[in-house]
Every structure is written in structure tokens, then in C-alpha cells.
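Here is the structure we will look at.
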Amino acid sequence: MGSSGGGAEKLGIGEIRDLINLEMPQLKEALDPSKASTQLGWACPSCTFINKPTRPGCEICSMDRPEGYTVPGGHQPDPAELRRITQEKEAVRQYQQEKKEKRRAEGGWPTEKPTTI
Ligand SMILES: [Zn+2]
Numbered sequence: 001m002g003s004s005g006g007g008a009e010k011l012g013i014g015e016i017r018d019l020i021n022l023e024m025p026q027l028k029e030a031l032d033p034s035k036a037s038t039q040l041g042w043a044c045p046s047c048t049f050i051n052k053p054t055r056p057g058c059e060i061c062s063m064d065r066p067e068g069y070t071v072p073g074g075h076q077p078d079p080a081e082l083r084r085i086t087q088e089k090e091a092v093r094q095y096q097q098e099k100k101e102k103r104r105a106e107g108g109w110p111t112e113k114p115t116t117i
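Heads up: the sequence shown at position 43 corresponds to 43 in the UniProt record's numbering, and the numbers run straight through without jumps.
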């Protein structure tokens, strides 16, 4: 008797899009051609991702912004972008703070050495 298994469910393209939309709102933006055409920014030399003009480094691979790129004079970060920039700065600050405190805690412990006779 052969077991005819194969319960592999195939996701429809619509379901995949829903998943993407839920988990990666930025991807959704990238997939939307109407928004992409008006998107300002600099293309990452490493991964070609179009980053917001105000980003100092690539959002995807952390590559530095090309030195030749200048933020367009009229470009003003929208409130959402400003909030994100602030949050990122805050996150970095907290991360460094935690790292510092952790290191201090680790350094504070007396190093126990097994006494060998
Ligand atoms: Zn990149």
C-alpha cells in the first residue's frame, strides 16, 4: 500500500502578498509602482536598494551613503520618517548603554579560579 501524503499547501500569490504586507510594510511600498516612481533617495551601491535621502547608511546592508549624494534641498522628511529617525537613534543609544552596563557587570564579577594543588 502506498501512502499518498503530500499535505503541502500552496500559497496563492494573494496570500503571499498579504504576508508581505503584514510583516514588511516597506516591501509593500517597494512593490507599489505608483509610490516607487515618485520615490526620492539614493541607490545603495552594494544592494541597489533605494534609501531615503536622509538616511546616512543603507537600510538593508548598512552600506555608507555615497559621498557624492546630497539630500535634495526641498526634501523634508515626513513626520513618519522623522519619528523613525528618532526611534533609530534612541534604539542605538539604548543598545550601547546596555552593552556598557553588561560589560561593567561582567567585569565586576570576581574571577573564580579552581585551586589546584
Ligand atoms: Zn545596501
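Backbone N, C-alpha and C fix where the C-beta goes; we use that ideal spot for every residue, glycine too.
Per the DSSP calculation, residue i is bridged to which residue(s)?
| i | result |
| --- | --- |
| Asp78 | Paired residues: none, contrary to the question. |
| Gly57 | Asp64 |
| Ile50 | Ala43 |
Kindly indicate which three-state DSSP category residue i falls into: helix, strand or coil?
| i | result |
| --- | --- |
| Ala36 | Since pLDDT at Ala36 reaches only 46, below the 50 mark, its modelled position is unreliable, and no value is offered. |
| Lys102 | helix |
| Lys10 | coil |
| Thr86 | helix |
| Gly73 | coil |
Between residue i and ligand 1, is the CB less than 8 Å from at least one heavy atom?
| i | result |
| --- | --- |
| Ile60 | yes |
Kindly examine ligand 2 and report whether one of its heavy atoms sits closer than 8 Å to the Cβ of residue i.
| i | result |
| --- | --- |
| Arg83 | No copy of ligand 2 appears in this structure; the ligands present are ligand 1. |
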